[in-house]
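> This structure is in structure tokens; I'll ask about it shortly.
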Amino acid sequence: MKVSLFITCMVDSIFPQVGVSMTKILQSLGCEVLFPSSQTCCGQPAFNSGYSKEARSVAISMINAFQESDVIVSPSGSCVGMIRHFYPELFSDSPEWHEKALSLANRTYEFSQFLIQILKVETLGARFPYTVTYHPSCHGSRLLGIEDEPIRLLKQVEELQLIELPYAQDCCGFGGTFAVKMSEISGAMVEEKTSHVLESGASVLVGTDMGCLMNIGGRLSRKGSNVRVMHLAELLYEGRQLAKGVDAQ
Amino acid sequence: MKHANSTSHLSVKERAKNAVQDEFLRNAVRFTTDRLRNRKQAVTESFGQWEVWRERGEQIRAHTIANLDAYLAQFIERLEAVGVHVHFAVDSSEATDAVLSIIQSKKARKVVKSKSMVSEEIHINQHLEANGITVVETDLGEYIIQLAKETPSHIIIPSIHKSREQIRDLFENAGATQLTTETRDLTAFARRTLRSEFLSAEIGITGCNFGIAETGSVVLFTNEGNADMVMNLPPTHIVLMGMERILPTLADLEVMAHLLPKSATGQNVITYMSMLTGPKRSADRDGATEMHVVILDNGRSRQLGDEQFQAVLHCIRCGACLNVCPVYRHMGGHAYGSVYPGPIGAVLSPLLEKGEQYSDLPYASSLCGACFEACPVRIPLHDMLVQHRQKLVASGHGNPSERMAFKGYENIFAKPGRYRLSIKMARKFLSPLAKEGKIRSSFGPLAGWTKSRDFPMLPKQSFREIWPSLKRE
Amino acid sequence: MDKNHFLENIAQRLGRSLGQPPHIRKEMAGVPEFWAERSLTPRECLEKWIENFTSQGGEAKRFDSKQDLTESLDCLLTELSVQSVGAWGKTAAWPIDIENILDKWKALRWDETWPEKFSHVQVGITGCFWAIADTGTLVMKSGKAEGRGTHLMPQVHIVILRSRQICLRLGEVFSALQQEAMLPAAVHFVSGPSRSSDIENDLSIGVHGPARVIAFILQED
Numbered sequence: 081m082k083v084s085l086f087i088t089c090m091v092d093s094i095f096p097q098v099g100v101s102m103t104k105i106l107q108s109l110g111c112e113v114l115f116p117s118s119q120t121c122c123g124q125p126a127f128n129s130g131y132s133k134e135a136r137s138v139a140i141s142m143i144n145a146f147q148e149s150d151v152i153v154s155p156s157g158s159c160v161g162m163i164r165h166f167y168p169e170l171f172s173d174s175p176e177w178h179e180k181a182l183s184l185a186n187r188t189y190e191f192s193q194f195l196i197q198i199l200k201v202e203t204l205g206a207r208f209p210y211t212v213t214y215h216p217s218c219h220g221s222r223l224l225g226i227e228d229e230p231i232r233l234l235k236q237v238e239e240l241q242l243i244e245l246p247y248a249q250d251c252c253g254f255g256g257t258f259a260v261k262m263s264e265i266s267g268a269m270v271e272e273k274t275s276h277v278l279e280s281g282a283s284v285l286v287g288t289d290m291g292c293l294m295n296i297g298g299r300l301s302r303k304g305s306n307v308r309v310m311h312l313a314e315l316l317y318e319g320r321q322l323a324k325g326v327d328a329q
Numbered sequence: 004m005k006h007a008n009s010t011s012h013l014s015v016k017e018r019a020k021n022a023v024q025d026e027f028l029r030n031a032v033r034f035t036t037d038r039l040r041n042r043k044q045a046v047t048e049s050f051g052q053w054e055v056w057r058e059r060g061e062q063i064r065a066h067t068i069a070n071l072d073a074y075l076a077q078f079i080e081r082l083e084a085v086g087v088h089v090h091f092a093v094d095s096s097e098a099t100d101a102v103l104s105i106i107q108s109k110k111a112r113k114v115v116k117s118k119s120m121v122s123e124e125i126h127i128n129q130h131l132e133a134n135g136i137t138v139v140e141t142d143l144g145e146y147i148i149q150l151a152k153e154t155p156s157h158i159i160i161p162s163i164h165k166s167r168e169q170i171r172d173l174f175e176n177a178g179a180t181q182l183t184t185e186t187r188d189l190t191a192f193a194r195r196t197l198r199s200e201f202l203s204a205e206i207g208i209t210g211c212n213f214g215i216a217e218t219g220s221v222v223l224f225t226n227e228g229n230a231d232m233v234m235n236l237p238p239t240h241i242v243l244m245g246m247e248r249i250l251p252t253l254a255d256l257e258v259m260a261h262l263l264p265k266s267a268t269g270q271n272v273i274t275y276m277s278m279l280t281g282p283k284r285s286a287d288r289d290g291a292t293e294m295h296v297v298i299l300d301n302g303r304s305r306q307l308g309d310e311q312f313q314a315v316l317h318c319i320r321c322g323a324c325l326n327v328c329p330v331y332r333h334m335g336g337h338a339y340g341s342v343y344p345g346p347i348g349a350v351l352s353p354l355l356e357k358g359e360q361y362s363d364l365p366y367a368s369s370l371c372g373a374c375f376e377a378c379p380v381r382i383p384l385h386d387m388l389v390q391h392r393q394k395l396v397a398s399g400h401g402n403p404s405e406r407m408a409f410k411g412y413e414n415i416f417a418k419p420g421r422y423r424l425s426i427k428m429a430r431k432f433l434s435p436l437a438k439e440g441k442i443r444s445s446f447g448p449l450a451g452w453t454k455s456r457d458f459p460m461l462p463k464q465s466f467r468e469i470w471p472s473l474k475r476e
Numbered sequence: 055m056d057k058n059h060f061l062e063n064i065a066q067r068l069g070r071s072l073g074q075p076p077h078i079r080k081e082m083a084g085v086p087e088f089w090a091e092r093s094l095t096p097r098e099c100l101e102k103w104i105e106n107f108t109s110q111g112g113e114a115k116r117f118d119s120k121q122d123l124t125e126s127l128d129c130l131l132t133e134l135s136v137q138s139v140g141a142w143g144k145t146a147a148w149p150i151d152i153e154n155i156l157d158k159w160k161a162l163r164w165d166e167t168w169p170e171k172f173s174h175v176q177v178g179i180t181g182c183f184w185a186i187a188d189t190g191t192l193v194m195k196s197g198k199a200e201g202r203g204t205h206l207m208p209q210v211h212i213v214i215l216r217s218r219q220i221c222l223r224l225g226e227v228f229s230a231l232q233q234e235a236m237l238p239a240a241v242h243f244v245s246g247p248s249r250s251s252d253i254e255n256d257l258s259i260g261v262h263g264p265a266r267v268i269a270f271i272l273q274e275d
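Line by line, the protein sequences are chains D, X and B. All residue numbers for the first sequence refer to this note's numbering, where the first residue is 81 and numbers rise by one. All residue numbers for the second sequence refer to this note's numbering, where the first residue is 4 and numbers rise by one. All residue numbers for the third sequence refer to this note's numbering, where the first residue is 55 and numbers rise by one.
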């Protein structure tokens, strides 16, 4: 299967290792991985702030970038949620672009959903001997409808001990520009989220959205915590390397 | 109305900042909302098929509002047929005038009230008190905050922010002696005091949870039974209702009788649901002899026919969205500055008359969508929050520097070449600020972020720079 | 503002014309079908009612004979050392005749006195019209002899009912009410003692209405 990566601006610029891990996992599952290089951002920062015209311009460049792609996979439930739910709405006044937006929406998958729903992955042959807790990001779960896919993937990893995160469904306080605009409330929210992470006692926090993980990780780092924060793709890739006896680093 | 007014010149960001520093408030709000949402989860799980109920709730409300003229007309016709006087108010001043003239025509001096959000919306107490009328709130929480001269901070539990010591002090100022801080003692004082108010008041004012079109019935939900006292003991009963509180049939009320208490407080059932169809009949020995219903628009009708916002009128005022909202949880109700706090308040307040002052409330959300998930009638509050922002930007009232920033964003992110270049520039710009791969500097727009968390340094190579090596494998 | 302007504005914004009937509902009105289609035996309804009513702070006592019921009622009033009892009037819709007890305790009768007097009554004794198993609810209608104040004002409310008055869901009560020529001025659906959590989330009972609601049920098979 030919799979095009929508890597997201955040993974591209700040967390490239997430993209590397995702690429290697998809390749090991037999996918031919492509990277349309004219991709940028899903447009969500502008859209969520009310700048739909600006979001549209960015969305057009994204639709163009993936025009030729069969299937698109992305390491972010939030960005995929944007494409799936809001792109068609953004172009509701243009039948031509509306159709293109719908087509892109129907071809785009979040990483964990793609593995479970499309590739029907049963086991990845990974081993990860640590205690792990999972934060379900709001947009991934509520907007896109990620249910237990990440949990199912984590449960097949050998020696991984999954610990439930208290109040897991609560927002971490990221919310894109919200984190800067309403920084006091956002700061209070991430403080509560990190205290739940620490309360869980897990040594690793895993998630499917780097925005949230950067937020939680940034607070954990400020608190001097040594809880490791990882994207699900990173954990699975590192787990496969561990199982093979290869150091992932 | 100390809280709301003294801070109304501040932005929601500033009010939020103040609220976050109030540890007692935050703990009280967290404790209460946790309790309510946990109970809600338990009760909806044991009830079963909650999504089917929500869907039915949404269908009923959507149908009602889409045909509101017909159902409201039917409701009014039935009210009049059972001898109720009906009044219409386009805004709060018409509503308060209508209430005042009823009270004055009775030469009444004292009003007892049960909890009603519409009465808060039109600030009826201030208006009546300015005209020499005594108004006594009888919901225990409302009574407490009335004594404290404050406004409610939660639509279901208005006194969420008061400690039992504060409540004892307030009661002692109201004439109690030798009161302990035991809930039982405090409640007993309120019972005694308010009972004599019920018996001596000439007018009772209630809200209306639902008005039933097919029967002309006014339906009220309380746990304390105070609305029953208010509607039955004084000779004149005035009902204040938003024009959207209508349900077509009693069969629809059965759905709401499940959705409302389960969503509001996680109770399987409300303790008192009371259905009034007109004033007392000639043979009855109690009940109000005269009943008035004041129907309020106050900006509601403007939402009708609006594709984006009509559904805000589906709301049944349960407060479930407050209880799951992480922003409400950390800043409490008063920081919203409006009588309607939380996600529903952030959506509704700017839409009502004089709503311009609340135009920044839609930004008090991380758009996490918990509000939609909790809403028993599936109002897409998170989408509406974004639509509010769009409206504000489209009307040219957005923040000018933000407008420039997003113009810049468009210029960079809609052009792949500029985007690649800007990553490199950002890396160059940020590298002097980084220590051990972390940025803690509060330079420029980073300040909001770095105040409470670290920002990662951009890596030496972006993914697209690494990509060629991956592709070859 | 006048009624027609008010309603016309609403109709116009909805793209409708005043006087036009509502659109036909695509969905059924009322509760989901699965909910309406349930059926329970009278015995199961009784059990369910008691379970719900007691979980909401109500108290329930059941009896196999009228005599046991009245004797137990008499005992309870003795235990409570009641000074003043109030009750529905003699002509009210009592499910069971308890006049001998009411006479013995010199109950103030609703239709023979002024409602204000009931403010000092400690125990109010009433029947009820229906009970609802799903929610542990008592249904009281207002009437000449069935004052609203009898169940609302006293500290303790004792309610007498027969198990066959218990139906499963609220909708059955609405249907029965709608079969009457006219709805009563007030219908009260009471599901336990008056409660509030307004003081630091601490549950307190009896804040306005009764602190105890005790049901005496005559069980009939």
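Every residue, glycine too, gets a C-beta built ideally from N, C-alpha and C.
With a cut-off of 8 Å, does the C-beta of residue 148/D fall near any C-beta of chain X?
Here residue 148/D is taken as the residue at index 68 of the first sequence, counted from 1. No - not a single Cβ of chain X is within 8 Å of the one on residue 148/D.
> What does the Cβ neighbour count give for residue 39/D, buried or exposed, with the cut at 16 atoms within 10 Å?
Here chain D covers residues 81 to 329 and nothing more, so residue 39/D does not appear.
> List the residues of chain X that residue 121/D touches, going by C-beta distances under 7 Å, in chain order.
For this step, residue 121/D is matched to residue 41 along the first sequence. Chain X residues near residue 121/D: 416.
> Less than 8 Å between the CB atoms is what I'm expecting for residue 125/X and residue 156/X, so what's the real figure, rounded?
Locating residue 125/X in the second sequence gives position 122, where the first residue counts as 1. Locating residue 156/X in the second sequence gives position 153, where the first residue counts as 1. Contact flag wrong, Cβ pair sits at about 19 Å.
> Counting beta carbon pairs with one atom in the region 159-176 of chain X and one in the region 246-259 of chain B, are three or more of them shorter than 8 Å?
With the cut-off at 8 Å, the region 246-259 of chain B and the region 159-176 of chain X touch.
> I'd like to know if the region 191-208 of chain B and the region 234-249 of chain B are in contact, where contact means that at least 3 CB-CB pairs between them fall below 8 Å.
At 8 Å Cβ cutoff, the stretches touch.
> Closer than 7 Å by beta-carbon distance: list the chain D residues that pair up with residue 470/X, in chain order.
Taking the second sequence and counting its residues from 1, one reaches residue 470/X at position 467. Neighbours of residue 470/X on chain D, chain order: 115.
> Does residue 165/X pass the burial test, meaning 16 or more other C-beta atoms within 10 Å, or should it be called exposed?
Numbered from its first residue, the second sequence carries residue 165/X at position 162. Residue 165/X is buried by the Cβ-count criterion.
> Using a Cβ-Cβ distance under 8 Å, would residue 102/B count as near chain X?
Sequence index remark: in the third sequence, residue 102/B carries index 48 (1-based). Not an interface residue.
> Kindly identify the DSSP beta-bridge partner or partners of residue 193/D.
Translated into positions along the first sequence, residue 193/D becomes position 113. Paired residue(s): none; residue 193/D is not in a bridge.
> Within 8 Å (strictly less), CB to CB, does residue 52/X reach chain B?
Sequence index remark: in the second sequence, residue 52/X carries index 49 (1-based). Answer yes: the Cβ-Cβ gap between residue 52/X and chain B drops below 8 Å somewhere.
> From what residue to what residue does the alpha helix (DSSP H) around residue 177/D run?
The residue labelled residue 177/D in the question sits at position 97 within the first sequence. Run containing residue 177/D: 175-187, per the alpha helix (DSSP H) assignment.
> Quickly, what does DSSP pair residue 156/X with across the bridge? List them, please.
Counting from one through the second sequence, the residue named residue 156/X turns up at place 153. Partner(s): none; residue 156/X has no beta bridge.
> Within 8 Å of any Cβ in chain D, is that where the Cβ of residue 405/X sits?
Counting from one through the second sequence, the residue named residue 405/X turns up at place 402. Yes, because at least one Cβ of chain D sits closer than 8 Å to the Cβ of residue 405/X.
> According to DSSP, is residue 140/D part of a helix, a strand, or is it coil?
Position 60 of the first sequence, counting from 1, holds the residue named residue 140/D. Correct three-state label for residue 140/D: helix.
> Is there a C-beta anywhere in chain B that falls below 8 Å from the one on residue 283/X?
Taking the first residue of the second sequence as position 1, residue 283/X is located at position 280. By this cut-off, residue 283/X is an interface position.
> Determine whether the Cβ of residue 157/X lies closer than 8 Å to any Cβ atom of chain D.
Counted from its first residue, the second sequence places residue 157/X at position 154. Chain D contact via Cβ: absent.
> If we call anything under 8 Å between Cβ atoms a contact, is residue 346/X one with residue 251/D?
Indexing the second sequence from 1 puts residue 346/X at position 343. Indexing the first sequence from 1 puts residue 251/D at position 171. Cβ distance not < 8 Å, so residue 346/X and residue 251/D don't count as in contact.
> With which residues is residue 446/X paired in a DSSP beta bridge?
Along the second sequence, one-based indexing puts residue 446/X at 443. Answer is none; residue 446/X lacks a bridge partner.
> Short of 7 Å in beta carbon distance, which residues of its chain neighbour residue 321/X, apart from the five on each side in sequence? Order them along the chain.
Taking the first residue of the second sequence as 1, we reach residue 321/X at position 318. Here the set comprises 263, 266, 267, 379.
> I'd like to know if residue 249/X contacts chain D, where contact means its C-beta is closer than 8 Å to some C-beta of that chain.
The residue labelled residue 249/X in the question sits at position 246 within the second sequence. Not closer than 8 Å to any Cβ of chain D, the Cβ of residue 249/X fails to qualify, so no.
> Flag residue 447/X as yes if its beta-carbon sits less than 8 Å from any beta-carbon of chain D, otherwise no.
The sequence position of residue 447/X within the second sequence is 444, counting from 1. It does not: the Cβ of residue 447/X has no partner Cβ on chain D nearer than 8 Å.
> Cα separation between residue 208/B and residue 270/X?
On the third sequence, residue 208/B is found 154 positions in, with the first residue counted as 1. On the second sequence, residue 270/X is found 267 positions in, with the first residue counted as 1. For residue 208/B and residue 270/X, the distance between alpha carbons rounds to 24 Å.
> Can at least three beta-carbon pairs, one atom from the region 420-427 of chain X and one from the region 440-455 of chain X, be found at a separation below 8 Å?
Flag = no, the region 420-427 of chain X and the region 440-455 of chain X do not touch.
> Exposed or buried, what is residue 257/B when buried is set at 16 or more other beta-carbons lying within 10 Å of its beta-carbon?
By one-based count along the third sequence, residue 257/B stands at place 203. Exposed: under 16 other Cβ atoms inside 10 Å.
> State whether the region 225-244 of chain X contacts the region 184-202 of chain X, with contact taken as three or more CB pairs (one from each stretch) at a distance under 8 Å.
The region 225-244 of chain X is in contact with the region 184-202 of chain X.
> Determine, using beta carbons only, whether residue 371/X comes closer than 8 Å to chain D.
Position 368 of the second sequence, counted from the first residue, corresponds to residue 371/X. Interface residue, yes.
> Assess, as a yes-or-no matter, whether the region 454-470 of chain X is touched by the region 91-108 of chain D under the definition of 3 or more beta carbon pairs within less than 8 Å.
Segments in contact, yes.
> State the Cα-Cα distance for the pair residue 213/X and residue 382/X, rounded to the nearest angstrom.
Numbered from its first residue, the second sequence carries residue 213/X at position 210. Numbered from its first residue, the second sequence carries residue 382/X at position 379. Cα to Cα, residue 213/X sits roughly 18 Å from residue 382/X.
> Whose C-beta lies closer than 6 Å to the C-beta of residue 107/D among residues of the same chain, with five residues either side of it excluded?
One-based indexing of the first sequence puts residue 107/D at position 27. So the list reads 113, once near-sequence residues are dropped.
> If you compare alpha carbons, which of 128/B, 192/B, 269/B is closest to residue 227/B?
The residue given as residue 227/B occupies position 173 in the third sequence. Measuring from the Cα of residue 227/B, the nearest candidate turns out to be 192/B.
> Can you name the residues of chain B whose CB is closer than 8 Å to the CB of residue 255/X?
Translated into the one-based positions of the second sequence, residue 255/X becomes position 252. Within 8 Å Cβ-Cβ: 83, 84.
> Hey, is residue 66/X's beta-carbon within less than 8 Å of any beta-carbon in chain B?
Taking the first residue of the second sequence as position 1, residue 66/X is located at position 63. True, the Cβ-Cβ gap to chain B drops below 8 Å.
> Under 8 Å, do residue 70/D and residue 265/D count as touching if we go by C-beta distance?
In the structure displayed, chain D extends from 81 to 329; residue 70/D sits before or after that span and is not available.
> At 4 residues or longer, what runs of the alpha helix (DSSP H) sit wholly inside the region 382-424 of chain X?
Fully enclosed alpha helix (DSSP H) runs of 4 or longer: 384-397, 403-416.
> In angstroms with no decimal places, state the Cα-to-Cα distance between residue 232/B and residue 132/B.
Numbered from its first residue, the third sequence carries residue 232/B at position 178. Numbered from its first residue, the third sequence carries residue 132/B at position 78. Spanning the two alpha carbons is a distance of roughly 40 Å.
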